[in-house]
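The next block holds one structure in the form of C-alpha coordinates; read it before the comments.
Right, dumping it as C-alpha coordinates:
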(Lines of atoms letter the chains of each structure in order from A and count residues from 1; the text may use other names and numbers.)
(Lines give C-alpha, C1' and ligand atoms only; values in the text may rest on other atoms or scores of the structure.)
Protein backbone atom coordinates (compact mmCIF):
# COMPACT_ATOMS: atom_id res chain seq x y z
CA UNK A 1 0.00 0.00 0.00
CA UNK A 2 1.37 3.42 -0.97
CA UNK A 3 2.41 5.64 1.92
CA UNK A 4 2.13 9.43 1.49
CA UNK A 5 4.52 11.75 3.25
CA UNK A 6 6.33 15.05 3.04
CA UNK A 7 9.88 16.23 3.58
CA UNK A 8 10.36 18.53 6.56
CA UNK A 9 11.77 21.18 4.19
CA UNK A 10 8.21 21.71 3.00
CA UNK A 11 7.80 23.63 6.28
CA UNK A 12 11.24 24.55 7.65
CA UNK A 13 14.84 25.05 6.58
CA UNK A 14 16.70 24.10 9.75
CA UNK A 15 15.87 21.06 11.87
CA UNK A 16 16.37 21.66 15.58
CA UNK A 17 14.76 19.98 18.57
CA UNK A 18 12.19 22.75 19.00
CA UNK A 19 11.20 23.48 15.42
CA UNK A 20 11.55 19.81 14.52
CA UNK A 21 8.91 18.85 17.05
CA UNK A 22 6.68 21.68 15.82
CA UNK A 23 7.11 20.43 12.27
CA UNK A 24 6.13 16.91 13.25
CA UNK A 25 2.84 18.38 14.52
CA UNK A 26 2.40 20.41 11.33
CA UNK A 27 2.97 17.30 9.25
CA UNK A 28 0.44 15.33 11.27
CA UNK A 29 -2.13 18.09 10.83
CA UNK A 30 -1.58 18.01 7.05
CA UNK A 31 -2.74 14.40 6.94
CA UNK A 32 0.47 12.66 5.87
CA UNK A 33 1.29 9.09 6.81
CA UNK A 34 4.91 9.98 7.50
CA UNK A 35 7.32 12.89 7.72
CA UNK A 36 10.76 12.69 6.11
CA UNK A 37 13.25 14.06 8.63
CA UNK A 38 16.61 15.46 7.46
CA UNK A 39 19.30 13.69 9.46
CA UNK A 40 22.08 15.97 8.29
CA UNK A 41 23.79 16.26 11.69
CA UNK A 42 23.20 12.97 13.52
CA UNK A 43 25.64 13.92 16.27
CA UNK A 44 23.26 16.63 17.54
CA UNK A 45 19.95 15.02 16.58
CA UNK A 46 17.57 14.67 19.55
CA UNK A 47 16.06 11.36 18.51
CA UNK A 48 14.41 10.60 21.85
CA UNK A 49 12.50 13.89 21.93
CA UNK A 50 11.30 13.49 18.37
CA UNK A 51 10.28 9.88 19.02
CA UNK A 52 7.94 11.11 21.74
CA UNK A 53 6.41 13.68 19.39
CA UNK A 54 5.88 11.09 16.69
CA UNK A 55 4.13 8.81 19.14
CA UNK A 56 1.94 11.67 20.35
CA UNK A 57 0.88 12.65 16.83
CA UNK A 58 0.46 9.12 15.49
CA UNK A 59 2.55 9.50 12.34
CA UNK A 60 5.72 7.66 11.40
CA UNK A 61 9.03 8.99 10.12
CA UNK A 62 11.60 8.23 7.51
CA UNK A 63 15.03 9.85 7.56
CA UNK A 64 17.19 11.16 4.74
CA UNK A 65 20.64 12.65 4.59
CA UNK A 66 23.50 13.91 2.47
CA UNK A 67 27.00 12.78 3.31
CA UNK A 68 29.24 15.67 4.39
CA UNK A 69 32.08 16.67 2.09
CA UNK A 70 34.56 15.13 4.52
CA UNK A 71 32.80 11.78 4.12
CA UNK A 72 32.36 11.65 0.33
CA UNK A 73 32.19 7.87 0.08
CA UNK A 74 34.46 7.25 -2.95
CA UNK A 75 37.24 9.26 -1.27
CA UNK A 76 36.63 8.58 2.42
CA UNK A 77 34.70 5.29 2.70
CA UNK A 78 35.45 4.69 6.37
CA UNK A 79 34.40 8.22 7.32
CA UNK A 80 31.16 7.64 5.39
CA UNK A 81 30.57 4.32 7.15
CA UNK A 82 31.16 6.00 10.52
CA UNK A 83 28.74 8.81 9.68
CA UNK A 84 26.05 6.39 8.50
CA UNK A 85 26.56 4.15 11.51
CA UNK A 86 25.74 7.07 13.80
CA UNK A 87 22.76 7.95 11.60
CA UNK A 88 21.44 4.40 11.90
CA UNK A 89 21.75 4.57 15.68
CA UNK A 90 19.70 7.78 15.71
CA UNK A 91 17.11 6.25 13.38
CA UNK A 92 16.73 3.32 15.75
CA UNK A 93 16.09 5.58 18.77
CA UNK A 94 13.68 7.65 16.68
CA UNK A 95 11.78 4.56 15.61
CA UNK A 96 12.42 5.25 11.92
CA UNK A 97 12.96 2.16 9.82
CA UNK A 98 13.94 3.92 6.59
CA UNK A 99 17.09 5.91 5.71
CA UNK A 100 17.37 7.30 2.21
CA UNK A 101 18.90 10.10 0.15
CA UNK A 102 22.52 10.74 -0.79
CA UNK A 103 23.91 7.94 1.34
CA UNK A 104 26.77 7.22 -1.08
CA UNK A 105 28.14 10.67 -1.80
CA UNK A 106 28.16 14.34 -0.82
CA UNK A 107 26.29 16.92 -2.87
CA UNK A 108 28.41 19.48 -4.68
CA UNK A 109 31.50 17.29 -4.82
CA UNK A 110 32.38 17.33 -8.53
CA UNK A 111 35.58 16.25 -10.25
CA UNK A 112 35.23 17.48 -13.81
CA UNK A 113 34.64 13.93 -15.05
CA UNK A 114 32.27 11.04 -14.64
CA UNK A 115 32.59 8.26 -12.07
CA UNK A 116 35.27 5.62 -12.41
CA UNK A 117 34.69 1.90 -11.97
CA UNK A 118 36.94 2.06 -8.92
CA UNK A 119 34.79 4.78 -7.32
CA UNK A 120 31.62 2.78 -7.88
CA UNK A 121 33.32 -0.29 -6.41
CA UNK A 122 34.34 1.66 -3.32
CA UNK A 123 30.77 2.90 -2.84
CA UNK A 124 29.36 -0.58 -3.37
CA UNK A 125 31.74 -2.14 -0.86
CA UNK A 126 31.00 0.53 1.75
CA UNK A 127 27.23 0.47 1.25
CA UNK A 128 27.31 -3.30 1.54
CA UNK A 129 28.80 -2.89 5.01
CA UNK A 130 26.24 -0.24 5.96
CA UNK A 131 23.36 -2.36 4.62
CA UNK A 132 24.34 -5.21 6.93
CA UNK A 133 24.46 -2.80 9.89
CA UNK A 134 21.04 -1.47 8.88
CA UNK A 135 19.65 -4.99 8.67
CA UNK A 136 20.50 -5.48 12.33
CA UNK A 137 18.24 -2.53 13.17
CA UNK A 138 15.50 -3.63 10.78
CA UNK A 139 16.16 -0.53 8.68
CA UNK A 140 15.81 -0.24 4.90
CA UNK A 141 18.23 1.96 2.96
CA UNK A 142 17.56 3.70 -0.35
CA UNK A 143 20.22 5.29 -2.59
CA UNK A 144 19.10 8.41 -4.46
CA UNK A 145 19.95 9.36 -8.04
CA UNK A 146 20.65 13.11 -8.35
CA UNK A 147 21.31 15.39 -11.29
CA UNK A 148 24.71 16.08 -12.86
CA UNK A 149 25.04 19.53 -11.32
CA UNK A 150 24.95 18.13 -7.79
CA UNK A 151 26.84 14.86 -8.18
CA UNK A 152 28.82 12.97 -10.80
CA UNK A 153 28.30 9.53 -9.26
CA UNK A 154 24.65 8.53 -9.74
CA UNK A 155 22.55 10.56 -12.16
CA UNK A 156 20.08 8.06 -13.65
CA UNK A 157 17.84 5.45 -12.10
CA UNK A 158 19.42 2.75 -14.26
CA UNK A 159 22.97 3.53 -13.13
CA UNK A 160 21.89 3.61 -9.50
CA UNK A 161 20.01 0.33 -9.87
CA UNK A 162 23.13 -1.30 -11.33
CA UNK A 163 25.12 -0.59 -8.17
CA UNK A 164 22.21 -1.70 -5.96
CA UNK A 165 22.03 -5.01 -7.77
CA UNK A 166 25.79 -5.53 -7.55
CA UNK A 167 25.65 -4.93 -3.79
CA UNK A 168 22.86 -7.47 -3.55
CA UNK A 169 21.43 -6.49 -0.16
CA UNK A 170 17.69 -7.07 0.10
CA UNK A 171 17.29 -4.02 2.36
CA UNK A 172 18.96 -1.63 -0.11
CA UNK A 173 16.46 0.04 -2.47
CA UNK A 174 16.32 2.76 -5.12
CA UNK A 175 15.30 6.32 -4.28
CA UNK A 176 14.02 8.32 -7.28
CA UNK A 177 13.28 12.04 -7.45
CA UNK A 178 11.11 13.57 -10.16
CA UNK A 179 13.07 16.85 -10.03
CA UNK A 180 16.30 15.04 -10.89
CA UNK A 181 14.54 12.76 -13.38
CA UNK A 182 13.22 15.82 -15.21
CA UNK A 183 16.85 16.77 -15.90
CA UNK A 184 18.50 13.41 -16.46
CA UNK A 185 15.99 10.92 -17.86
CA UNK A 186 14.46 10.56 -21.31
CA UNK A 187 10.95 10.75 -19.95
CA UNK A 188 9.47 9.22 -16.81
CA UNK A 189 7.68 6.04 -17.83
CA UNK A 190 10.58 3.96 -19.12
CA UNK A 191 13.05 4.54 -16.28
CA UNK A 192 10.39 3.88 -13.62
CA UNK A 193 9.26 0.64 -15.25
CA UNK A 194 12.82 -0.55 -15.89
CA UNK A 195 13.82 -0.08 -12.24
CA UNK A 196 10.56 -1.20 -10.65
CA UNK A 197 12.22 -4.25 -9.09
CA UNK A 198 14.21 -2.04 -6.67
CA UNK A 199 12.28 1.26 -6.71
CA UNK A 200 10.75 1.86 -3.28
CA UNK A 201 10.95 5.60 -2.51
CA UNK A 202 10.11 8.61 -4.68
CA UNK A 203 10.54 12.30 -4.00
CA UNK A 204 7.60 13.96 -5.70
CA UNK A 205 9.23 17.26 -6.58
CA UNK A 206 8.42 19.86 -9.22
CA UNK A 207 10.89 21.16 -11.82
CA UNK A 208 11.25 24.44 -9.91
CA UNK A 209 11.04 22.84 -6.43
CA UNK A 210 7.80 24.67 -5.67
CA UNK A 211 4.15 23.65 -5.87
CA UNK A 212 3.78 20.32 -7.63
CA UNK A 213 1.67 20.47 -10.76
CA UNK A 214 2.82 23.97 -11.76
CA UNK A 215 6.10 23.17 -13.54
CA UNK A 216 7.35 20.95 -16.34
CA UNK A 217 7.31 17.50 -14.69
CA UNK A 218 5.00 15.21 -16.68
CA UNK A 219 2.89 14.03 -13.77
CA UNK A 220 0.51 12.00 -15.91
CA UNK A 221 3.44 9.95 -17.16
CA UNK A 222 4.82 9.61 -13.62
CA UNK A 223 1.58 8.25 -12.22
CA UNK A 224 0.85 6.01 -15.18
CA UNK A 225 4.31 4.49 -14.74
CA UNK A 226 3.87 4.02 -10.99
CA UNK A 227 0.54 2.30 -11.64
CA UNK A 228 1.97 0.00 -14.28
CA UNK A 229 5.00 -0.74 -12.10
CA UNK A 230 2.60 -1.74 -9.30
CA UNK A 231 4.48 0.64 -7.02
CA UNK A 232 3.52 0.30 -3.35
CA UNK A 233 6.29 2.16 -1.55
CA UNK A 234 6.82 5.69 -0.27
CA UNK A 235 5.78 8.88 -2.06
CA UNK A 236 7.29 11.90 -0.34
CA UNK A 237 6.30 15.43 -1.31
CA UNK A 238 9.50 17.45 -1.61
CA UNK A 239 8.92 21.16 -2.06
CA UNK A 240 10.97 23.85 -0.40
CA UNK A 241 9.47 26.64 1.66
CA UNK A 242 12.92 27.23 3.12
CA UNK A 243 16.33 25.57 3.09
CA UNK A 244 19.36 25.77 5.33
CA UNK A 245 22.57 27.35 3.96
CA UNK A 246 24.23 23.99 3.33
CA UNK A 247 21.37 22.68 1.21
CA UNK A 248 20.91 26.03 -0.53
CA UNK A 249 24.54 25.96 -1.63
CA UNK A 250 24.29 22.37 -2.84
CA UNK A 251 20.97 22.75 -4.67
CA UNK A 252 21.41 26.36 -5.84
CA UNK A 253 18.04 27.50 -4.50
CA UNK A 254 18.45 31.26 -4.37
CA UNK A 255 14.97 32.72 -4.91
CA UNK A 256 12.34 33.13 -2.23
CA UNK A 257 9.50 30.58 -2.50
CA UNK A 258 6.09 31.65 -3.79
CA UNK A 259 4.13 29.60 -1.27
CA UNK A 260 4.20 29.06 2.47
CA UNK A 261 4.91 25.67 3.94
CA UNK A 262 1.24 25.20 4.81
CA UNK A 263 0.24 26.02 1.23
CA UNK A 264 2.85 23.67 -0.24
CA UNK A 265 1.74 20.84 2.02
CA UNK A 266 -2.01 21.27 1.50
CA UNK A 267 -1.86 21.92 -2.23
CA UNK A 268 0.85 19.37 -2.89
CA UNK A 269 -0.77 16.50 -1.04
CA UNK A 270 -4.15 17.25 -2.61
CA UNK A 271 -2.54 17.17 -6.05
CA UNK A 272 -0.64 13.91 -5.44
CA UNK A 273 -3.63 12.10 -3.98
CA UNK A 274 -5.82 13.36 -6.81
CA UNK A 275 -3.39 12.03 -9.41
CA UNK A 276 -3.14 8.71 -7.57
CA UNK A 277 -6.90 8.38 -7.62
CA UNK A 278 -7.02 9.34 -11.31
CA UNK A 279 -4.65 6.52 -12.21
CA UNK A 280 -5.95 3.94 -9.76
CA UNK A 281 -3.03 3.83 -7.34
CA UNK A 282 -5.18 4.03 -4.20
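In the working numbering, the protein residues as written are 7 to 288.
For every residue, glycine included, the Cβ atom is placed at its ideal position computed from N, Cα and C.
In this text the structure is predicted, and so the values were computed from the model without any measurement.
Option in the options with minimal Cα separation from residue i
i: residue 91; options: 23, 132, 115; result: 132
i: residue 233; options: 95, 196, 251, 271; result: 196
i: residue 200; options: 217, 167, 175; result: 167
i: residue 281; options: 243, 226, 244, 242; result: 226
i: residue 274; options: 36, 23, 8, 22; result: 36
i: residue 138; options: 173, 118, 288; result: 173
i: residue 271; options: 83, 251, 284, 246; result: 246
i: residue 9; options: 80, 231, 42; result: 42
i: residue 243; options: 136, 38, 203; result: 38
i: residue 121; options: 80, 219, 193, 236; result: 80
i: residue 231; options: 218, 7, 198, 266; result: 198
i: residue 65; options: 73, 40, 102; result: 40
i: residue 251; options: 12, 63, 21; result: 21
i: residue 266; options: 217, 277, 258, 279; result: 217
i: residue 175; options: 154, 229, 134; result: 134
i: residue 16; options: 193, 165, 63, 209; result: 209
i: residue 67; options: 102, 268, 75; result: 102
i: residue 278; options: 241, 107, 34; result: 241
i: residue 154; options: 144, 207, 118, 284; result: 118
i: residue 136; options: 83, 206, 123; result: 83
i: residue 74; options: 221, 34, 107; result: 107
i: residue 169; options: 143, 288, 206, 123; result: 123
i: residue 258; options: 11, 215, 144, 287; result: 215
i: residue 221; options: 264, 19, 18; result: 264
Paired residues, beta bridge with residue i - DSSP
i: residue 208; result: 182, 241
i: residue 16; result: DSSP lists no partner for residue 16.
i: residue 67; result: 41
Own chain, CB closer than 7 angstroms to residue i, minus 5 neighbours either side, in chain order
i: residue 223; result: 184, 188, 212, 213
i: residue 141; result: 177
i: residue 116; result: 158
Three-way DSSP call (helix, strand, coil) for residue i in this model
i: residue 36; result: helix
i: residue 104; result: strand
i: residue 9; result: strand
i: residue 148; result: strand
i: residue 72; result: strand
i: residue 225; result: helix
i: residue 109; result: coil
i: residue 220; result: coil
i: residue 155; result: coil
i: residue 202; result: coil
i: residue 51; result: coil
i: residue 78; result: coil
i: residue 196; result: helix
i: residue 31; result: helix
i: residue 215; result: coil
i: residue 264; result: coil
i: residue 251; result: helix
i: residue 160; result: coil
i: residue 269; result: helix
i: residue 288; result: coil
i: residue 122; result: coil
i: residue 277; result: helix
i: residue 88; result: helix
i: residue 258; result: coil
i: residue 191; result: coil
i: residue 46; result: coil
Own chain, CB closer than 6 angstroms to residue i, minus 5 neighbours either side, in chain order
i: residue 77; result: 85, 86, 89
i: residue 59; result: 27, 30
i: residue 202; result: 235
Proximal residues to residue i (C-beta, below 8 angstroms), its chain only, five neighbours per side dropped
i: residue 96; result: 45, 48, 51, 53, 69
i: residue 93; result: 45, 48, 69, 71, 105
i: residue 99; result: 53, 54, 57
i: residue 23; result: 52, 55, 56
i: residue 193; result: 224, 227
Count Cβ pairs between the region 183-197 and the region 122-137 that sit closer than 8 angstroms; are there 3 or more? no
Does the structure place the region 109-119 close enough to the region 156-174 that three or more beta carbon pairs sit under 8 angstroms?
yes
| query | Are at least three pairs of beta-carbons, each pair with one atom in the region 160-179 and one in the region 137-151, less than 8 angstroms apart? | reply | yes
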